[in-house]
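Q: All residue numbers for the sequence shown refer to my numbering, where the first residue is 29 and numbers rise by one.
For glycine and all other residues, C-beta sits at the position ideal for the given N, C-alpha and C.
Here the structure is a predicted model, which means the values were calculated and not measured.
Structure below; questions to follow.
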Amino acid sequence: MSAPQPTYLHDYQPPAHRVTHTELTFDLAPGATRVKARLHVERHPERDDAAESPLTLDGEQLSLKAIAIDGQPLDPDEYRVSDTQLIVHRVPERFLLDTEVEIAPEANTALEGLYQSNGMYCTQCEAEGFRRITYYPDRPDVMATFSTTLIGDAQREPVLLSNGNPLERGELPGGRHFVTWEDPHPKPCYLFALVAGDLEKVEDSFTTVSGREVVLQIWVEEENLDNTDHAMASLKRAMAWDEQTYGREYDLDLFMIVAVNDFNMGAMENKGLNIFNSAAVLTHPQTATDAAFQRVEGIVAHEYFHNWSGNRVTCRDWFQLSLKEGFTVFRDQCFSADTNSAPVKRIEDVAFFRTAQFAEDAGPTAHPIRPDHYIEITNFYTLTIYEKGAEVVRMLRNLVGWEAFRQGSDRYFERFDGQAVTIEDFVDCMAEASGLDLGQFMRWYSQAGTPEIDAHGEYDYAKSEYHLTLRQRTPATPGQPDKLPLHIPVRLGLVGTKSGEDLRMTLDGEVIGKDAVVHLREDEQHFVFTDIAEAPVPSLLRGFSAPVKLRFPYSREDLAFLLTHDSDGFNRWDAGQRLALLALDDLIAAHRNGVEKVMDVRVVEAFRGLLHAETDDKAVLAEMLTLPSEAYIAEQQPLVDVDAIHAARTFVKQSLAMALRDDFLRVYHDNASDAPYAPEPEQIAARSLKNVALSYLMSIEDEEGIELAQRQFSAGHNMTDVRCALTLLTHSSRGDLADPALRLFSEKWAHDPLVMDQWFSIQVTRPQSDVLERVTFLMDHPAFSLKNPNRVRALIGAFAGQNRVNFHRIDGAGYRLLADVVIELNRLNPEIAARIITPLTRWQRFDEQRQALMKAELERIRAEELSPNVFEVVEKALA
Ligand code: 0A1
Ligand code: ZN
Numbered sequence: 029m030s031a032p033q034p035t036y037l038h039d040y041q042p043p044a045h046r047v048t049h050t051e052l053t054f055d056l057a058p059g060a061t062r063v064k065a066r067l068h069v070e071r072h073p074e075r076d077d078a079a080e081s082p083l084t085l086d087g088e089q090l091s092l093k094a095i096a097i098d099g100q101p102l103d104p105d106e107y108r109v110s111d112t113q114l115i116v117h118r119v120p121e122r123f124l125l126d127t128e129v130e131i132a133p134e135a136n137t138a139l140e141g142l143y144q145s146n147g148m149y150c151t152q153c154e155a156e157g158f159r160r161i162t163y164y165p166d167r168p169d170v171m172a173t174f175s176t177t178l179i180g181d182a183q184r185e186p187v188l189l190s191n192g193n194p195l196e197r198g199e200l201p202g203g204r205h206f207v208t209w210e211d212p213h214p215k216p217c218y219l220f221a222l223v224a225g226d227l228e229k230v231e232d233s234f235t236t237v238s239g240r241e242v243v244l245q246i247w248v249e250e251e252n253l254d255n256t257d258h259a260m261a262s263l264k265r266a267m268a269w270d271e272q273t274y275g276r277e278y279d280l281d282l283f284m285i286v287a288v289n290d291f292n293m294g295a296m297e298n299k300g301l302n303i304f305n306s307a308a309v310l311t312h313p314q315t316a317t318d319a320a321f322q323r324v325e326g327i328v329a330h331e332y333f334h335n336w337s338g339n340r341v342t343c344r345d346w347f348q349l350s351l352k353e354g355f356t357v358f359r360d361q362c363f364s365a366d367t368n369s370a371p372v373k374r375i376e377d378v379a380f381f382r383t384a385q386f387a388e389d390a391g392p393t394a395h396p397i398r399p400d401h402y403i404e405i406t407n408f409y410t411l412t413i414y415e416k417g418a419e420v421v422r423m424l425r426n427l428v429g430w431e432a433f434r435q436g437s438d439r440y441f442e443r444f445d446g447q448a449v450t451i452e453d454f455v456d457c458m459a460e461a462s463g464l465d466l467g468q469f470m471r472w473y474s475q476a477g478t479p480e481i482d483a484h485g486e487y488d489y490a491k492s493e494y495h496l497t498l499r500q501r502t503p504a505t506p507g508q509p510d511k512l513p514l515h516i517p518v519r520l521g522l523v524g525t526k527s528g529e530d531l532r533m534t535l536d537g538e539v540i541g542k543d544a545v546v547h548l549r550e551d552e553q554h555f556v557f558t559d560i561a562e563a564p565v566p567s568l569l570r571g572f573s574a575p576v577k578l579r580f581p582y583s584r585e586d587l588a589f590l591l592t593h594d595s596d597g598f599n600r601w602d603a604g605q606r607l608a609l610l611a612l613d614d615l616i617a618a619h620r621n622g623v624e625k626v627m628d629v630r631v632v633e634a635f636r637g638l639l640h641a642e643t644d645d646k647a648v649l650a651e652m653l654t655l656p657s658e659a660y661i662a663e664q665q666p667l668v669d670v671d672a673i674h675a676a677r678t679f680v681k682q683s684l685a686m687a688l689r690d691d692f693l694r695v696y697h698d699n700a701s702d703a704p705y706a707p708e709p710e711q712i713a714a715r716s717l718k719n720v721a722l723s724y725l726m727s728i729e730d731e732e733g734i735e736l737a738q739r740q741f742s743a744g745h746n747m748t749d750v751r752c753a754l755t756l757l758t759h760s761s762r763g764d765l766a767d768p769a770l771r772l773f774s775e776k777w778a779h780d781p782l783v784m785d786q787w788f789s790i791q792v793t794r795p796q797s798d799v800l801e802r803v804t805f806l807m808d809h810p811a812f813s814l815k816n817p818n819r820v821r822a823l824i825g826a827f828a829g830q831n832r833v834n835f836h837r838i839d840g841a842g843y844r845l846l847a848d849v850v851i852e853l854n855r856l857n858p859e860i861a862a863r864i865i866t867p868l869t870r871w872q873r874f875d876e877q878r879q880a881l882m883k884a885e886l887e888r889i890r891a892e893e894l895s896p897n898v899f900e901v902v903e904k905a906l907a
């Protein structure tokens, strides 16, 4: 097999032929599904060579049964079929192409194209799945209207869904029936979808701002009919929010969501027919945690928002993926912030971003938000494209201000409606609306790696000036040794050490206020703030105003000061994280040197202060009491020592728990409640505060804490409380606490795969050293299957990604286990295989012994016959 070849951005050309209308007929039958396609094709006006160009269509794993142009069957010498293409040598200026292919959805374990999940037919076409359905120019810049007829068995597939509006339905001989759907909005084929099966629906409606009535349907398997309320309510909120915030109205009479059990990602924005991983849409207080409720709300909104940012205006090519994803993630983040606690949303997003995206940016698969080449595009549905893309859009919003941003957004949707466009088109609209020069800003899209800012400040008592120096540097990333300076907005304040208040800032003779943005554009810049009457502590990068690492030589006293006085809630939280990190650094060193660990009393006092402060924001308090995760701590270390990190973090947690036991008990009791469950901000905040307190108490296996955890588990009020209690019992050192609870839980929930996923994750993230054996054992559990991505993520993903001490076991058994899974998944589901491998690719971060073990496993994988997906990742990891 020859090595798969990359596709390059600089090779982009419009297609020689475009399709204006697509007629599809699916005859769904076990073992012999037939797809007839009639494409209305014409030459592309922008290609001078179109007249001489052959018609080139993509197609994979298709068996061609018939082909005709304008009704005339083609002779075999008039076309050529390869593993990936159908080429018709000579075609007229404008014509109808008819093809018929046979495909095998029941044998499709990759879950791309048309496949079966629990006996129901469904599709996943983004990015390049449509080519596994029929021969087609499978690229987003070919946009056509679609008319789709589905034929199925009336018993087995009573429900037949596709994009747009249903036009016609009827009976057919042999117990079969059909439905024809018409989608009037031109779309690329990646937005095509069909669903056929025995499903039930929940229906509601939404009246748009212009008074049109839209029917909303959520289709599920019958047993899930009770689990759709939250998704439906979220959908309606999202529809209203997009009208109010962005002036975007829905454009069909019907909007459908379907829940499927086997799905590679979270969900998919197919026009009028969103397909969701059941984990991203189904909720019930008894089975889903608060976090799951919020995730569902966010994903429902995300997919809905794509109707404009993605569907009406789409991407010219897949290099522009962040055009739709970065913008849409930014939109869903703002929606969630408006609907829930805005500061907590920001804290959670940034905590996750700084852990996971920073790691990606520092690893062998680092890539810019707009990559310039790829082998397998599904490998680029990454945190960089999505989350860093959203951070860049957020910076744009902050740079130009909301009003200009909204004008730019209106301009973008208006100017490019029905088109496939580029990131420049989007940024140009923002530049035009604001009058700002965003030239340098564009580098954010082409440079990979996390910029690092070194900040230094000095107060000049004699002159009442504060001098701030900012120096930026972006480290080299694979293929990009040298970086240019970026345009980085740094939001800041100067907090007076006497007054505890933000000081009024004057920069270059201009009063800029108490909270302002300075623009770092050079490698190094010096800012002099005048008329600063008292020595300040600078509060830098407020709200995480740019996706960078900022270093400032804060003392612990400075941080304790900011923790109580910073007017920016986000930076108050961050000061606490920085303070904890300084203490953790010392303890990590102590652990490595075999020296006795001593807890920093300043951290204890800071936490005591938090527990005693008057606060009306319990959600933020819960975040402030949460220590940085082991993964985030690891991100800060030059070389990761998983055992020292685990020991240090455990030590800090236990020290805090011992010193503040009574406070944690009080917080627990003050926030316990019997009120009926609602996924509402106030309740969620109280639950998270209560559960943080419980986790401290359980860290020292406090008798009263154990009793509370057991009671919380048995009371079974809601899954948030049950899961937290079960996790704490399972992760304690006492098998007598873990085993009975796990048994009860699995007996109760054996029938619900999404709950069993939680049961898997809880067990495989225990810190105890026998966990690897348990992972192997659980892989044989009847509820587990390597064919289902949710199961793989819950068991293997959670073990390799979250159980750092055990995955990195020094005998290499964790690495071996993951490599074995990757090798098997490479055959079954390459997309999931290429994702689950991530922890192994980060070998450079560990000691030599572990490096060697990890590389050996990567080499073992490389020796297999690999899918392009896994090939690309392994090659980069070993490069
Ligand atoms: N566009 C979807 C995500 C998605 C991408 C690829 C998929 O299969 C390869 C599935 C879903 C979104 O952003 O939600
Ligand atoms: Zn998306």
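Does any heavy atom of ligand 2 sit closer than 6 Å to the C-beta of Glu-353?
A: Correct: Glu-353 has its Cβ closer than 6 Å to ligand 2.
Q: Measure the alpha-carbon distance for Gly-842 versus Tyr-660 and round it to whole angstroms.
A: Their Cα atoms are separated by approximately 21 Å.
Q: Do Thr-208 and ligand 2 come close, with the Cβ less than 6 Å from some heavy atom?
A: No.
Q: Can you tell me whether Phe-283 is helix, strand or coil according to DSSP?
A: Strand.
Q: Restricting to runs no shorter than 4 residues, where is the alpha helix (DSSP H) found entirely within the stretch 757-786?
A: Runs of the alpha helix (DSSP H) inside the stretch 757-786: 763-777.
Q: Taking 6 Å as the cut-off, is the C-beta of Gln-152 nearer than that to any heavy atom in ligand 1?
A: Yes, ligand 1 has a heavy atom inside 6 Å of this Cβ.
Q: Given Gly-597, which residues of its chain have a CB within under 7 Å of its CB, disregarding the five upstream and five downstream residues?
A: Only Pro-371, Val-648 meet the Cβ criterion.
Q: Tell me whether Glu-480 sits in a helix, a strand or coil according to DSSP, three-state version.
A: If DSSP states are grouped into helix, strand and coil, Glu-480 belongs with the strands.
Q: Ile-303 lies in the beta strand (DSSP E); which residues open and close that run?
A: Counting along the chain, the beta strand (DSSP E) containing Ile-303 begins and ends at 301-305.
Q: Which word fits Asn-911, buried or exposed, when buried means at least 16 other C-beta atoms lie within 10 angstroms of its C-beta?
A: It is not possible to answer for residue 911, since the shown part of the chain is limited to 29 through 907.
Q: Check whether the stretch 334-345 touches the stretch 764-774, taking contact to mean three or more Cβ pairs, one atom from each stretch, closer than 8 Å.
A: Short answer: they don't touch.
Q: Run the proximity test for Thr-406: is its beta-carbon closer than 6 Å to any non-hydrogen atom belonging to ligand 1?
A: Result yes, Cβ under 6 Å from ligand 1.
Q: Which two residues bound the contiguous beta strand (DSSP E) that contains Lys-491?
A: Careful: Lys-491 lies outside any beta strand (DSSP E) and carries neither H nor E.
Q: What residue range does the alpha helix (DSSP H) around Trp-209 cover?
A: Element bounds for Trp-209: not the alpha helix (DSSP H) but the beta strand (DSSP E), 204-215.
Q: Out of Gly-417, Phe-454, Phe-220, which has the shortest C-alpha to C-alpha gap to Gly-477?
A: Ranking the options by Cα distance to Gly-477, first place goes to Gly-417.
Q: In terms of alpha-carbon separation, which member of Glu-658, Tyr-40, Val-518 lies closest to Thr-383?
A: The candidate whose alpha carbon is nearest that of Thr-383 is Glu-658.
Q: Return the residue from the list Asn-426, Leu-568, Asp-691, Ser-262 that minimises the CA-CA distance to Leu-464.
A: Comparing Cα-Cα distances from Leu-464 to each of Asn-426, Leu-568, Asp-691, Ser-262, the minimum goes to Asn-426.
Q: Is the stretch 288-308 touching the stretch 733-748 in the sense that three or more CB pairs, one from each, lie closer than 8 Å?
A: Touching, no.
Q: Report the option in Pro-896, Arg-832, Phe-363, Leu-280 whose CA atom is closest to the CA atom of Gln-272.
A: Checking every option, the nearest Cα to that of Gln-272 belongs to Phe-363.
Q: Considering only the alpha carbon of each residue, which of Pro-817, Glu-624, Gly-203 lies closest to Pro-858?
A: The candidate whose alpha carbon is nearest that of Pro-858 is Pro-817.
Q: Between Asp-614, Asp-628, Asp-645, which lies nearest to Trp-601 when the distance is taken from Cα to Cα?
A: If we check each option's Cα against that of Trp-601, Asp-645 comes out closest.
Q: With H, G and I counted as helix, E and B as strand and the rest as coil, what does DSSP make of Ala-295?
A: Ala-295 falls in the strand class under three-state DSSP.
Q: The beta strand (DSSP E) that contains Asp-697, what's its start and end?
A: Contrary to the premise, residue 697 reads as His rather than Asp in this sequence. It is not in any beta strand (DSSP E) - His-697 instead sits in the alpha helix (DSSP H) that spans 689-699.
Q: Please give the ranges of any alpha helix (DSSP H) in the stretch 347-423, keeping only runs that are unbroken, at least 4 residues long and fully inside the region.
A: Whole alpha helix (DSSP H) segments, 4+ residues: 349-367, 370-380, 386-389.
Q: Please name the residue or residues paired with Leu-496 in a DSSP beta bridge.
A: BP columns for Leu-496 point to Gly-485, Phe-555.
Q: Considering Ser-462, what are the terminal residues of the alpha helix (DSSP H) in which it resides?
A: That run of the alpha helix (DSSP H) goes 451-462.
Q: With a threshold of 6 Å (Cβ to nearest heavy atom), would Ala-387 be considered close to ligand 1?
A: No, the beta carbon of Ala-387 sits no closer than 6 Å to any heavy atom of ligand 1.
Q: Could you check the C-alpha separation between Ile-860 and Pro-58 for me, to the nearest Å?
A: Rounded to the nearest angstrom, the two C-alpha atoms are 25 Å apart.
Q: Considering only the alpha carbon of each residue, which of Arg-870, Thr-654, Ile-889 lies closest to Glu-388?
A: The residue with the shortest Cα to Cα distance from Glu-388 is Arg-870.
Q: If you follow the beta strand (DSSP E) that Ile-97 is part of, which residue opens it and which one closes it?
A: From DSSP, the beta strand (DSSP E) with Ile-97 extends over 91-97.
Q: When you compare each of Gly-87, Glu-70, Thr-748, Arg-519 to Ala-79 by their alpha carbons, which one comes out closest?
A: Per the Cα distances, Glu-70.
Q: Report the residue from Glu-708, Arg-636, Asp-671, Glu-663 whose alpha carbon sits nearest the alpha carbon of Asp-691.
A: Comparing Cα-Cα distances from Asp-691 to each of Glu-708, Arg-636, Asp-671, Glu-663, the minimum goes to Arg-636.
Q: Can you tell me whether Phe-805 is buried or exposed, with buried defined as 16 or more other CB within 10 angstroms of its CB?
A: By the neighbour-count rule (16 or more Cβ atoms within 10 Å), Phe-805 is not buried but exposed.
Q: Give the single residue among Met-882, Tyr-705, Leu-845, Leu-853 whose Cα lies nearest to the Cα of Phe-321.
A: Nearest of Met-882, Tyr-705, Leu-845, Leu-853 to Phe-321, Cα basis: Tyr-705.
Q: Taking 8 Å as the cut-off, does the stretch 99-106 touch the stretch 135-155 (at least 3 CB pairs, one atom from each stretch)?
A: Short answer: they don't touch.
Q: Starting from the N-terminal side, write out each stretch of the beta strand (DSSP E) that is 3 residues or longer and does not extend beyond the stretch 504-563.
A: Here the runs fully enclosed are 516-524, 533-535, 538-541, 544-548, 552-558.
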